[in-house]
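Numbering (my numbering), first residue to last: 31 to 149.
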């Protein structure tokens, strides 16, 4: 059975993977959604490939219950959310920030449960 933190990481990984695939299939939608010029198309495609890779890595980390990875992902994802926000990418920022906060809360809850088991 997956722990709550594994569920948050899996959900983020699957959503990143799906987002990457959908962007590769229809990159013009992403250009319009993020209000980017056509010249950004190669970068959008590269970002889609990165999202696919990230989705695979996050799903693998969840399967392995890699708590060090989970913990390391939270501050980086919060930084990403902040940068996305200031670039005007509100939807991406909210997605990234909400997912990182959910992972952080699930990690804290898991640590608390493990601590209570030891007592």
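Ideal placement from N, C-alpha and C gives every residue a C-beta, glycine not left out.
Original post:
What is the rounded straight-line gap between the Cα of residue 113 and the Cα of residue 61?
Top reply: 18 Å
**OP:** Kindly say whether residue 136, judged by its beta-carbon, lies nearer than 7 Å to any beta-carbon of chain B.
**Re:** In the displayed structure, chain B is absent; only one protein chain is listed.
Original post:
Is residue 92 buried or exposed, if buried means 16 or more other CB atoms sit within 10 Å of its CB?
Top reply: buried
**OP:** Kindly indicate which residue of 118, 144, 115 and 98 has the alpha-carbon position closest to the one of residue 133.
**Re:** 98
Original post:
Hey, would you say residue 107 sits closer than 7 Å to residue 120, going by beta carbons?
Top reply: no
Subject >> Assigned secondary structure, residue 57 (DSSP; H/G/I helix, E/B strand, else coil) >> reply: helix
Original post:
Hey, residue 42 and residue 129: beta-carbon distance below 7 Å or not?
Top reply: yes
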